[in-house]
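Visitor:
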Amino acid sequence: PPPSTNIQVNPYWVNEYNSKKETGKDAINKYNTKLGGEIKYSPSVHSTVDLTFNTDFAQADADRQVNNLSRFSVFFPERRQFFLENAGLFDAGCETTFKPFFSRSIGLDDDGNPIPIDAGLRFTDKNNKYSLGALYIHQRRTENTQAANMSVLRFIKNYGTQNNIGMLVTNRIDEARDILPTKTNSTVSVTGFNRLSNKLSLSYTVTGSKTSGSNKDDGLATFTRMIYNSNGFAIYWNSSYISKSFNPRLGFVARNNFIKNYVDVYFIKRKLKWFPKFLRSWEPGLEIDVYQNPDNLKLQEAYIGPYPVFLIFNNGTK
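Under this note's numbering, think of the first position of the sequence shown as 8, with each following residue one higher.
As structure tokens, this is what we get:
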């Protein structure tokens, strides 16, 4: 049977009343109200339209505190429900180096403080031939920030058995305010995934950034991942390049001006005779992480980590 109309409405209404009274003075009463919500509409079985207005993220989980002893920015994952839905469609790059689009750049300042979102619209369409996504958010002006219009466009075309190629475009326009002029920052990314065999796969992201009014933030970033996974052993190889001036204002960059190569090799031993019943596999391996200066290929830093004892139990714990 054809699907029926699928509409979901999630409104909210928050009221706040404060009363302050001091001896010998008149009472000071303040009343604030906030109304907003989200509307979800599915025009077909493979497409969805989401509308949010006066968005409230009071139910989002707090970030976990970490001690950062490295020279890189910490990647904090998204925890807000509106941005978690269909997040995989807009995902590209790698969290250890860069992402051309990272939803935490919307509605939060550099210190993680919330910035009000007036309204937002998202459209997604997924089928066995292609995936299409579009996102628009208007961020409100605050005392310390300009109002901003943010948009993302994503398209992925499937071909062959298990291959795809796609494009990701981001654009941020900061509206003029007082003496601050209008600023525009855009990125264009080409992404892809190729299943070369049952055991071997390759994925990649190439991104360029452009900022209006200056060439100092016009840069390039690349990420390549190759995985070979068999029953006996596995190899992971990640390679990244971030130019000195790469700046995706709707994305995430761990650090600029480096080349990174990461290799992880490990063996998989299952159900050996000496294994206790509660042990599923023993997977010893070696990690190598190398950072180089792209100008002269001089070593910036490196990490070599053998892990001879890596056990996975039958309940899935490691």
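Note that CB positions come from ideal geometry on N, CA and C, so glycine has one too.
Below 8 Å, can you find three or more Cβ-Cβ pairs linking the region 219-238 to the region 247-259?
Guide: Yes, the region 219-238 touches the region 247-259.
Visitor: Could you tell me whether the region 193-211 touches the region 266-282, where touching means 3 or more Cβ pairs closer than 8 Å?
Guide: The region 193-211 vs the region 266-282: no contact.
Visitor: Touching or not, the region 117-124 and the region 285-305, by the rule of three or more beta carbon pairs under 8 Å?
Guide: No, the region 117-124 is not in contact with the region 285-305.
Visitor: Pick out whichever of Leu-304, Pro-301, Trp-289, Asn-321 has its Cα sitting closest to the Cα of Tyr-314.
Guide: That would be Trp-289, whose Cα lies nearest to the Cα of Tyr-314.
Visitor: Going along the chain, which unbroken runs of the beta strand (DSSP E) with 3 or more residues stay wholly within the region 34-89?
Guide: Listed in chain order, they are 35-51, 54-60.
Visitor: Could you have a look at Arg-161 and say whether DSSP puts it in helix, strand or coil?
Guide: Residue state, collapsed to three classes: strand.
Visitor: Let me know if Asn-238 comes out buried or exposed under the rule of 16 or more other beta-carbons within 10 Å of its beta-carbon.
Guide: Classification for Asn-238: exposed.
Visitor: Short check: CB of Asn-36 to CB of Glu-23, under 7 Å?
Guide: Cβ atoms of Asn-36 and Glu-23: not closer than 7 Å.
Visitor: How many Å lie between Lys-267 and Asn-245 at the Cα?
Guide: When rounded, the distance between both Cα atoms is 8 Å.
Visitor: Give the secondary structure of Leu-96 by DSSP, where H, G and I count as helix, E and B as strand, and everything else as coil.
Guide: Of the three classes helix, strand and coil, the one that applies to Leu-96 here is helix, per DSSP.
Visitor: Among Val-73, Asn-75, Asp-63, which has the Cα closest to the Cα of Phe-90?
Guide: It is Asp-63 whose Cα lies nearest to the Cα of Phe-90.
Visitor: Near Phe-320, which residues of its chain fall below 7 Å by C-beta distance, leaving aside the five closest residues on each side in sequence?
Guide: Once the five neighbours on either side are set aside, the close Cβ partners of Phe-320 are Phe-285, Leu-286, Arg-287.
Visitor: Taking Asn-121 as the reference, which of Tyr-166, Gly-44, Asn-61, Lys-32 has the closest Cα?
Guide: Note on identity: in this sequence residue 121 is Pro, with Asn being the wrong assignment. Cα-wise, what sits closest to Pro-121 is Asn-61.
Visitor: Give the DSSP-derived three-state secondary structure of Arg-111 in the structure shown.
Guide: Three-state result, Arg-111: helix.
Visitor: Taking the beta carbon of Val-260 as the centre, do at least 16 other beta carbons fall within 10 Å, making it buried, or is it exposed?
Guide: Label assigned to Val-260: buried.
Visitor: Looking only at its chain, what residues have a beta carbon closer than 8 Å to the beta carbon of Pro-50, apart from the 5 residues adjacent to it on each side?
Guide: Same-chain partners within the cutoff: Val-56.
Visitor: With a cut-off of 8 Å on the beta carbons, I'd call Asn-165 and Tyr-137 a contact; round off their distance for me.
Guide: Indeed, because the Cβ distance is near 6 Å, the residues count as touching under 8 Å.
Visitor: Contact defined as beta carbons within less than 8 Å: I believe Asn-93 pairs with Thr-59. What is the distance between those atoms, to the nearest angstrom?
Guide: Actually they do not touch by this definition, with Cβ atoms about 13 Å apart.
Visitor: Taking C-beta to C-beta, are Ala-155 and Arg-129 nearer than 7 Å?
Guide: The answer is no: Cβ separation not under 7 Å.
Visitor: Pick from Ser-11, Gly-167, Met-233, Gly-44: whose alpha carbon is nearest that of Gly-127?
Guide: For Gly-127, the nearest C-alpha among the options comes from Gly-44.
Visitor: For Lys-47, which option in Asn-74, Arg-71, Lys-41, Pro-18 has the closest C-alpha, if you only look at C-alpha atoms?
Guide: It is Pro-18.
Visitor: Could you name the residues of the same chain whose beta carbon sits closer than 6 Å to that of Arg-256, not counting the 5 residues immediately before and after it, in chain order?
Guide: The residues are Arg-179, Asn-192.
Visitor: In terms of residue numbering, what span does the beta strand (DSSP E) encompassing Trp-20 cover?
Guide: Looking at the DSSP string, the run of the beta strand (DSSP E) that includes Trp-20 is 13-27.
Visitor: For Leu-175, name the three-state secondary structure that DSSP assigns.
Guide: Looking at Leu-175 - three-state DSSP - the assignment turns out to be strand.
Visitor: Who are the near neighbours of Glu-182 in its chain, counting only those whose CB is closer than 8 Å to its CB and skipping five residues on each side?
Guide: Closer than 8 Å at the Cβ level, and outside the excluded window around Glu-182, lie Arg-148, Gln-153, Ala-154, Ala-155, Asn-156, Thr-189.
Visitor: In the DSSP assignment, what are the bridge partners of Arg-129?
Guide: Asp-57, Leu-142, per the DSSP bridge assignment.
Visitor: Given the structure, does Lys-37 come close to the ligand MN, in the sense that its CB is under 6 Å from one of the ligand's heavy atoms?
Guide: The model depicted lacks the ligand MN and carries no ligand whatsoever.
Visitor: By Cβ distance below 6 Å, which residues in the same chain neighbour Ile-234 in space, the five residues on each side in sequence not counted?
Guide: Answer for Ile-234: Ser-208, Tyr-243, listed in chain order.
Visitor: Nearest-angstrom Cα distance between Ser-82 and Leu-187?
Guide: Ser is not the amino acid found at residue 82; the sequence shown has Phe there. Answer to the nearest angstrom: the Cα atoms are 29 Å apart.
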